[in-house]
Structure formats: C-alpha cells, structure tokens
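Chemist: Dropping a structure here in structure tokens format, bear with me for questions.
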Amino acid sequence: MLKNSSSLSFLKSRFRVSSQLLTIKRNESERSSGRLKIYTKTGDKGVTSTFSGQRLPKDDSIFQALGSTDLLSSTLGHVREFCNDGVVPLPQQLKKIQCVLQDIGSHIATPPSKASLTKQERTTIDPKIVEELEKWIDELDNLLPPLKNFVLPSGGKTATLLHVARSFCREAERRVVPLYREGNLDQAVYKYVNRLSDYLFVAARYAAKQEGREEEIYIKDY
Numbered sequence: 004m005l006k007n008s009s010s011l012s013f014l015k016s017r018f019r020v021s022s023q024l025l026t027i028k029r030n031e032s033e034r035s036s037g038r039l040k041i042y043t044k045t046g047d048k049g050v051t052s053t054f055s056g057q058r059l060p061k062d063d064s065i066f067q068a069l070g071s072t073d074l075l076s077s078t079l080g081h082v083r084e085f086c087n088d089g090v091v092p093l094p095q096q097l098k099k100i101q102c103v104l105q106d107i108g109s110h111i112a113t114p115p116s117k118a119s120l121t122k123q124e125r126t127t128i129d130p131k132i133v134e135e136l137e138k139w140i141d142e143l144d145n146l147l148p149p150l151k152n153f154v155l156p157s158g159g160k161t162a163t164l165l166h167v168a169r170s171f172c173r174e175a176e177r178r179v180v181p182l183y184r185e186g187n188l189d190q191a192v193y194k195y196v197n198r199l200s201d202y203l204f205v206a207a208r209y210a211a212k213q214e215g216r217e218e219e220i221y222i223k224d225y
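Everything in the sequence shown is counted per this note's numbering, starting at 4 for the first residue and increasing by one.
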C-alpha cells in the first residue's frame with residue numbers, strides 16, 4: 004500500500020513538472036513568434052486580475068466600472084461612424100474621449116489601496132482633461148439655440164446615438180461612485196465622467212442641428 008502511494012505521488016510530481024515545462028515552452032513559443040494569445044484561460048473560474056495584481060471576482064465593483072466605461076467607448080466608436088460623412092465634425096473629439104476612457108480604465112484597474120507607487124504613477128490622470136472637456140462643451144453650446152424645454156432623445160441617427168452614449172455615461176458614473184467613495188479613484192476621473200454626460204448631451208443637440216433635424220421636446224400630458 005505504501006509503495007502504491009509513493010508511486011502515485013511520484014506520478015503526480017512528474018505530471019506537475021511536465022505541465023510547467025509545457026507552459027514555459029508555450030510562452031517561449033508565443034514570445035518568439037511575436038504574438039500573444041487572445042485568450043489566456045485564467046478567467047475561466049470567474050475571477051480575473053487587476054493591473055495591481057489582485058485576483059478578484061469578475062462581478063467586483065472594479066470590473067463593473069471597467070465594463071461600463073468599455074461599453075461607453077464602444078458606443079462612441081459607433082457614433083464616430085455616423086459622423087464620418089463630414090456633416091457632424093465631432094470624430095476627433097470623440098476619438099480623444101475614447102483614448103481618455105482607455106486611460107481611465109487603467110486607472111480604475113489600479114486601486115491605490117492595493118497598487119505600488121510605480122503602477123499608480125503609470126496610471127495617473129491629468130486633471131486638465133476636465134478643463135478640455137468643459138471648453139468643448141462651451142464651444143458647442145454657443146453654437147446652439149438656448150435650451151427652453153426638456154429635449155427627448157431625437158434629432159436623427161447621430162443625435163439619438165449620442166443620447167444613448169449619454170445614458171451609458173450616466174451608468175458609468177454610477178459605477179465609479181463606489182470606487183471614488185472608497186478612495187480608490189482620483190477625483191479628476193469622477194469629474195471627467197460626470198462632465199462627459201454633459202458633453203454628450205450638447206453634442207447630440209449639435210449633431211441634430213448640423214444634420215438639419217428637429218429635436219423633439221417633452222410635452223406634459225401628451
């Protein structure tokens with residue numbers, strides 16, 4: 004019985020070593036080919052890693068926030084396709100916003116309470132991004148007639164999709180609030196996401212104007 008037990012332990016040890024060697028060879032092969040696998044299989048049990056190295060459940064508040072900003076960025080990419088005919092000159096601003104959202108995602112994935120100072124410095128957010136967004140809001144708003152009524156999501160395909168993006172932005176804001184409250188989010192990030200929904204509202208109105216489409220207003224007891 005003891006002999007069988009020893010043999011089993013030996014086989015298990017050989018199996019572990021073989022598995023480790025296969026993993027090393029696979030990683031070396033990927034590096035030599037210059038390509039990394041799209042899938043890693045490390046999240047197959049419902050957990051994944053932050054940039055700081057934490058292994059957390061995929062429904063953790065950090066990943067909820069990351070998912071919402073990713074959804075927003077994807078929607079903005081969709082909006083840009085509608086703008087590319089030149090009638091609504093917003094693609095460059097929207098692309099810059101997508102890049103900022105990518106940086107914000109890195110910041111969210113590096114909570115100060117768990118990350119090293121080096122990693123925190125690599126994901127620092129410049130507060131000037133908020134000022135830039137406010138400048139864009141003012142510039143677009145000055146091109147529009149004064150707002151006198153509640154505006155319904157309307158005004159053509161580009162405008163309505165910008166309203167969809169605005170709604171997703173509000174969702175992203177709700178997702179980052181807990182992180183901000185816990186001290187795991189820079190104030191500039193929260194301000195940016197909060198201001199971004201205002202930008203998207205004004206951008207939607209501007210898109211409707213540029214495309215010659217009428218915005219529909221809210222009517223009580225319609």
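Each residue gets a CB set at the ideal place from its N, CA and C atoms; glycine is no exception.
Given this structure, state the Cα-to-Cα distance separating A1 from R38, to the nearest angstrom.
Modeler: Since the first residue of the chain shown is 4 and the last is 225, residue 1 is not available in this structure.
Chemist: Alpha carbons only, please: which of D129, E217, K40, A191 is nearest the one belonging to V154?
Modeler: Locating residue 154 in the sequence shown gives position 151, counting from the first residue. Answer by Cα proximity: E217.
Chemist: Could you compute how far the alpha carbon of V91 sits from the alpha carbon of S116?
Modeler: The residue you call residue 91 lines up with position 88 of the sequence shown. The residue you call residue 116 lines up with position 113 of the sequence shown. Near 43 Å, if we compare the C-alpha coordinates of S116 and V91.
Chemist: Exposed or buried, which one is Q213 when buried takes at least 16 other CB atoms within 10 Å?
Modeler: Sequence index remark: in the sequence shown, residue 213 carries index 210 (1-based). Result: buried.
Chemist: Near R198, which residues of its chain fall below 8 Å by C-beta distance, leaving aside the five closest residues on each side in sequence?
Modeler: Stepping through the sequence shown from its first residue, residue 198 is reached at position 195. Within the same chain, R198 has close Cβ partners V133, L136, E137, I140.
Chemist: Cβ atoms of T78 and V167: under 8 Å apart, would you say?
Modeler: Against the sequence shown, residue 167 aligns to sequence position 164. Against the sequence shown, residue 78 aligns to sequence position 75. The answer is yes: Cβ separation under 8 Å.
Chemist: Tell me the start and end of each unbroken alpha helix (DSSP H) in the stretch 74 to 158 that is at least 4 residues and wholly inside, in chain order.
Modeler: Those alpha helix (DSSP H) runs which fall completely within the stretch 74 to 158 and span 4+ residues are 94 to 111, 120 to 125, 131 to 144.
Chemist: What residue range does the alpha helix (DSSP H) around Y42 cover?
Modeler: Residue mapping note: residue 42 aligns to position 39 of the sequence shown, counting from 1. Where Y42 is concerned, there is no enclosing alpha helix (DSSP H), given that its DSSP letter is neither H nor E.
Chemist: On the criterion of 16 or more Cβ atoms from any shown chain inside 10 Å, does E84 qualify as buried, or is it exposed?
Modeler: Counting from one through the sequence shown, the residue named residue 84 turns up at place 81. Exposed, since its Cβ has fewer than 16 Cβ neighbours within 10 Å.
Chemist: Going by DSSP, what residue range makes up the alpha helix (DSSP H) through L188?
Modeler: Here residue 188 refers to the residue found at position 185 of the sequence shown. That residue, L188, is in no alpha helix (DSSP H); it is neither H nor E in DSSP.
Chemist: For I111, count neighbouring C-beta atoms within 10 Å of its own C-beta (all shown protein chains included) and say buried if the count is 16 or more, exposed if not.
Modeler: The residue you call residue 111 lines up with position 108 of the sequence shown. So I111 counts as buried.
Chemist: Looking at the structure shown, is I65 part of a helix, part of a strand, or coil, going by DSSP?
Modeler: Position 62 of the sequence shown, counting from 1, holds the residue named residue 65. Three-state DSSP puts I65 in a helix.
Chemist: Would DSSP call R169 helix, strand or coil?
Modeler: What you label residue 169 is simply residue 166 of the sequence shown in a count that begins at 1. Residue state, collapsed to three classes: helix.
Chemist: Tell whether a beta-carbon distance below 8 Å holds between E176 and V196.
Modeler: Counting from one through the sequence shown, the residue named residue 176 turns up at place 173. Counting from one through the sequence shown, the residue named residue 196 turns up at place 193. In this structure, V196 lies closer than 8 Å to E176 by Cβ.
Chemist: If you drop the 5 nearest sequence neighbours on each side, which residues of the same chain put their C-beta closer than 6 Å to that of L114?
Modeler: Numbered from its first residue, the sequence shown carries residue 114 at position 111. Reading the sequence as shown, one finds Pro at residue 114 and not Leu. Hits under 6 Å: N187.
Chemist: Return the residue from the list T72, Y42, S64 that minimises the CA-CA distance to S200.
Modeler: The count along the sequence shown starts at 1 and reaches residue 200 at position 197. Of T72, Y42, S64, the residue nearest in Cα terms is T72.
Chemist: To the nearest angstrom, how far is the alpha carbon of L93 from that of D129?
Modeler: The count along the sequence shown starts at 1 and reaches residue 93 at position 90. The count along the sequence shown starts at 1 and reaches residue 129 at position 126. Approximately 22 Å, taken between the alpha carbons.
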